[in-house]
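Under my numbering, think of the first position of the sequence shown as 61, with each following residue one higher.
Ideal Cβ placement from N, Cα and C applies to all residues, glycine included.
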Amino acid sequence: MRLHKSMPVALLCLLAHTSYAQQEKPEILWDTYGVPHVYAGNMADMYYGFGWAQMHNHANLVLQLYGQARGRAAEYWGEEQVQMDQLIHLFNIPELARQHYAQQEPAFKACIDAFVKGVNAYAAAHPEAIGPALKQVLPVTAIDVMAHGLRVLYIQFLAPDDIEEALQLGSRGSNAIAIGPSRSADGHAMLVANPHLPWGNLYLFFEAQLSAPGYHAYGATLIGVPVLAIAFNDHLGWTHTVNPLDAVDRYELKMQDSSTYLLDNEKVPFRQRTVSLKVKQGDGSIREQSLTLKYARQGPVITGKNGEACAVRIAGMADRPHLMLQWHEMGKAANRAQFEAALQRMQLPMFNVVYADDAGNISYLFAGNIPVRPQGDWEFWQQMIDGSKSAYIWQKTHPYRDLPQLLNPPTGFLQNANDPPWTCTYPPLLRPADYPPYMAPVYMYQRQQRAVNMIRSDSSITFDELVSYKLSTRMGAADRFLDDLLEAVRRYPDTAAVRAAAVLEQWDRMADSASTGAVLFTKWFDKLPQSMYKIPWSPDNPVETPDGLKDPKAAVQLLADAAAEVQAGYGRLDVPWGQAARFRVNGYDYAGNGGPGHYGIFRVIDYRPGRDKKYTAVAGDSYVAIVSFGKKVKAKVLLSYGNATQPGSRHSGDQLQLLSAKELRTPWLEREAVLQHLEEKEVL
61 MRLHKSMPVA
71 LLCLLAHTSY
81 AQQEKPEILW
91 DTYGVPHVYA
101 GNMADMYYGF
111 GWAQMHNHAN
121 LVLQLYGQAR
131 GRAAEYWGEE
141 QVQMDQLIHL
151 FNIPELARQH
161 YAQQEPAFKA
171 CIDAFVKGVN
181 AYAAAHPEAI
191 GPALKQVLPV
201 TAIDVMAHGL
211 RVLYIQFLAP
221 DDIEEALQLG
231 SRGSNAIAIG
241 PSRSADGHAM
251 LVANPHLPWG
261 NLYLFFEAQL
271 SAPGYHAYGA
281 TLIGVPVLAI
291 AFNDHLGWTH
301 TVNPLDAVDR
311 YELKMQDSST
321 YLLDNEKVPF
331 RQRTVSLKVK
341 QGDGSIREQS
351 LTLKYARQGP
361 VITGKNGEAC
371 AVRIAGMADR
381 PHLMLQWHEM
391 GKAANRAQFE
401 AALQRMQLPM
411 FNVVYADDAG
421 NISYLFAGNI
431 PVRPQGDWEF
441 WQQMIDGSKS
451 AYIWQKTHPY
461 RDLPQLLNPP
471 TGFLQNANDP
481 PWTCTYPPLL
491 RPADYPPYMA
501 PVYMYQRQQR
511 AVNMIRSDSS
521 ITFDELVSYK
531 LSTRMGAADR
541 FLDDLLEAVR
551 RYPDTAAVRA
561 AAVLEQWDRM
571 ADSASTGAVL
581 FTKWFDKLPQ
591 SMYKIPWSPD
601 NPVETPDGLK
611 DPKAAVQLLA
621 DAAAEVQAGY
631 GRLDVPWGQA
641 ARFRVNGYDY
651 AGNGGPGHYG
661 IFRVIDYRPG
671 RDKKYTAVAG
681 DSYVAIVSFG
691 KKVKAKVLLS
701 YGNATQPGSR
711 HSGDQLQLLS
721 AKELRTPWLE
731 REAVLQHLEE
741 KEVL
């Protein structure tokens with residue numbers, strides 16, 4: 061059954077007062093931004109609707125991702141998928157997925173099954189929506205869903221630096237802020253959720269609202285994941301940022317021959333197994349390829365081009381089957397105690413957790429499965445580990461109580477912009493010396509400093525001010541170095557540099573669309589080596605260093621060089637940022653704002669060279685939610701690239717105009733409001 065926004069007002073009113081607890085069938089109200097609001101009479105039906113909804117907006121992508129997670133992508137789509145198939149089988153993802161599915165608690169297993177039924181039901185009802193090359197993935201199974209979660213969370217997020225040759229990587233970062241009542245103008249805790257991920261493939265977010273008796277949450281998740289991963293409800297909310305956590309180690313193996321390696325001065329045979337891959341050829345025929353996989357005591361073995369070998373050991377991948385259940389319970393929680401009980405399951409492979417609630421609590425957790433290591437500091441475990449010593453093979457991970465965490469700090473705020481836990485508030489309250497030396501590194505980059513410096517001097521933050529902080533494109537690096545650069549030009553005048561300095565003196569130090577000088581400054585800053593900082597970064601003054609120019613004359617020459625490049629590229633030095641930087645998705649093309657975080661910009665957008673000598677946004681600000689937890693939740697949201705990828709969907713790129721204008725949307729959280737902005741209604 062489908063009803064559209066042109067239905068009579070009386071019928072809209074009747075529908076608005078229908079309780080989802082009384083519904084016999086799940087229904088989806090699609091709002092005018094393509095966000096599904098799923099209402100159901102029980103949890104299983106709610107997740108059935110969520111599976112249907114993901115297919116409605118992303119059917120082809122969902123099936124592509126599940127096909128890859130099976131380790132059969134080369135069979136479906138050809139030679140270019142072989143390397144990913146090899147990786148899926150090397151880490152035994154299909155079998156682990158079977159084991160994890162079997163270990164699910166019965167009530168939640170029913171939810172996963174229902175999600176899968178929703179996926180397949182949509183495919184059966186709308187075969188025209190699915191590309192011919194994707195149909196062969198059907199039907200989807202619960203094992204596919206579990207395998208996809210393992211691939212995304214462990215291989216793409218947790219372990220990419222250790223197996224990066226097999227992955228197509230993009231930037232993975234985020235911003236998060238929690239404001240406590242003591243620093244909030246109205247006394248309500250507030251939360252900023254702001255992941256930064258690539259704008260494509262498995263990194264895309266899907267925005268939704270899910271409602272059933274005992275569950276009512278609004279948020280987002282990665283495509284194909286069956287639960288909300290970043291969300292808020294009537295009482296609380298949380299977000300994640302990628303944390304600098306080491307839960308993966310590489311061990312250099314001393315090969316004795318093709319089938320043995322040295323461990324504690326003894327020859328040890330590899331455990332081996334053979335997998336047969338099917339590879340689709342250009343003419344449509346199938347070639348079978350035998351793949352021999354090796355395993356050392358430490359873990360799966362990756363062999364280099366010259367025969368060298370290393371083993372990769374990933375904490376938690378085999379024995380943490382309840383990640384999806386934990387996220388479900390986090391969304392279901394009605395208070396801090398219930399939320400923390402979910403966290404204590406310790407199923408998150410990584411991620412910081414930043415939290416706020418309607419009781420005024422804010423908290424931070426450096427989450428993940430961190431191995432208990434026998435020795436060594438952070439730097440030691442970042443290197444290739446000697447694989448000939450069994451003493452380096454860790455066996456267990458730290459429990460919840462060992463992880464860096466804060467609840468309601470006296471500073472009144474928490475933040476994380478992918479920095480280590482030590483600077484999650486300021487002045488710092490967590491000390492590296494109180495934790496094992498391998499727990500986390502010690503550093504603080506420009507974006508992270510900008511996050512703290514925006515907040516720490518503001519003792520009474522309004523909701524609108526918090527929105528403005530989130531949308532800020534001010535370059536912290538300019539505040540740190542521009543005055544010194546302009547003074548250097550006055551001391552060592554150079555014709556080209558003087559012209560450039562005149563532009564920079566008029567610049568607003570922003571990366572807004574109309575900002576002139578941002579292109580020039582970033583071109584100069586990219587040339588400036590850290591060795592030219594007069595004062596290097598110091599953990600004793602983490603939010604005000606580095607600073608100054610050690611060699612002013614050389615800095616002037618770098619400015620002259622930057623000016624020549626900008627002039628040659630754009631025909632002018634004062635080119636507006638939005639002329640050079642563009643937001644382009646699905647035929648939309650808008651002036652960009654924001655930029656890479658290493659310039660100290662809080663609004664992160666990463667660009668790649670595009671057509672017409674312009675740069676196109678490819679990563680950064682993805683999903684944004686800013687929430688105030690008063691008697692009634694107040695929120696602003698945005699999903700930069702839109703909530704759909706299906707061909708012909710008007711919701712692919714339809715939020716770029718808001719992104720370009722530095723505006724957010726008001727999410728429709730109540731049924732009555734959704735019905736006033738209704739695009740489509742489906743009863744399933």
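**OP:** Quick one: using the 10 Å Cβ neighbour count with 16 as the cut-off for buried, is R243 buried or exposed?
**Re:** buried
Original post:
For the beta strand (DSSP E) that contains Y311, what are its first and last residues?
Top reply: V308 to E312
Original post:
Does DSSP classify P488 as helix, strand or coil?
Top reply: coil
**OP:** Kindly indicate the opening and closing residues of the beta strand (DSSP E) around H97.
**Re:** P96 to Y99
Original post:
Quick one: what does DSSP say E740 is sitting in, helix, strand or coil?
Top reply: strand
Original post:
Between T363 and the rest of its own chain, which residues show a CB-CB distance below 8 Å, the 5 nearest in sequence each way excluded?
Top reply: K354 and A369
**OP:** Return the CA-CA distance between P329 and S423, expressed in angstroms with no decimal places.
**Re:** 48 Å
Original post:
Got a sec? Which residues, its chain only, sit under 7 Å from D294 by beta carbon, not counting five neighbours each side?
Top reply: H276 and V693
Original post:
Can you tell me the Cα-Cα spacing of L466 and T320, whole angstroms?
Top reply: 47 Å
Original post:
How long is the line joining the alpha carbons of W438 and V308, rounded to whole angstroms?
Top reply: 12 Å
Subject >> For W728, the three-state DSSP class (helix, strand or coil) >> reply: coil
**OP:** Would you kindly work out how many angstroms separate the C-alpha atoms of I647 and S598, rounded to a whole number?
**Re:** First, the amino acid is wrong: residue 647 is Gly here, not Ile. Rounded to the nearest angstrom, the two C-alpha atoms are 46 Å apart.
Original post:
Quick one: what's D446 bridged to in DSSP?
Top reply: E312
**OP:** For S688, count neighbouring Cβ atoms within 10 angstroms of its own Cβ and tell me buried if that reaches 16, exposed if not.
**Re:** buried
**OP:** Within the stretch 299 to 365, note down every full beta strand (DSSP E) run reaching 3 residues or more, in order along the chain.
**Re:** 308 to 312, 314 to 317, 320 to 323, 326 to 329, 331 to 340, 346 to 355 and 361 to 363
**OP:** Give the range of the alpha helix (DSSP H) segment to which F151 is assigned.
**Re:** Here F151 belongs to no alpha helix (DSSP H), and DSSP marks it neither H nor E.
Original post:
In the structure shown, what three-state DSSP assignment does R534 receive?
Top reply: strand
Subject >> Neighbour-count burial assignment, M444, 16 or more Cβ in a 10 Å radius >> reply: exposed
**OP:** Decide yes or no for the touch test of the stretch 501 to 517 against the stretch 556 to 565: beta carbon pairs closer than 8 Å, at least 3 of them.
**Re:** no
Original post:
Among residues of its own chain, excluding the 5 on either side of H160, which ones have a beta-carbon nearer than 7 Å to its beta-carbon?
Top reply: M206 and P381
Original post:
For E225, which of helix, strand or coil comes out of DSSP?
Top reply: Legend: pLDDT at E225 = 49, less than 50; position of this residue unreliable, value from coordinates given subsequently. Here E225 sits in helix by DSSP.
Subject >> Backbone CA spacing between A356 and L150 [nearest angstrom] >> reply: 12 Å
**OP:** Just tell me which of G690, E739, S575 and S682 has its CA closest to the CA of L719.
**Re:** S682
Subject >> Nearest residue (CA-CA) to M535, options L580, A620, V549 and P497 >> reply: L580
Original post:
What first and last residue would you give for the alpha helix (DSSP H) that runs through A181?
Top reply: P166 to A185
**OP:** Give the secondary structure of N235 by DSSP, where H, G and I count as helix, E and B as strand, and everything else as coil.
**Re:** strand
**OP:** Have a look at Y529 and Q617 and give me their C-alpha separation to the nearest angstrom.
**Re:** 34 Å
Original post:
Going along the chain, which residues of its own chain have a beta-carbon closer than 8 Å to the beta-carbon of N117, five neighbours each way excluded?
Top reply: G94, P96, F266, N703, A704, T705, Q706, S709 and H711
Original post:
What's the call for E723, buried or exposed, on a 16-neighbour Cβ count within 10 Å?
Top reply: exposed
Subject >> Pair within 8 Å by beta-carbon distance, A640 and Y675 >> reply: yes
**OP:** List the whole-angstrom C-beta distance separating V122 from G284, where the pair is believed to meet the contact cut-off of C-beta under 8 Å.
**Re:** 5 Å
Subject >> C-beta contact flag for W482 and L490 at 8 Å >> reply: yes
**OP:** Can you give me the start and stop residues for the beta strand (DSSP E) that G638 sits inside?
**Re:** From DSSP, G638 is part of no beta strand (DSSP E) but of the alpha helix (DSSP H) over W637 to A640.
Subject >> At least 3 beta-carbon pairs within less than 8 Å: the stretch 156 to 174 vs the stretch 183 to 199 >> reply: no
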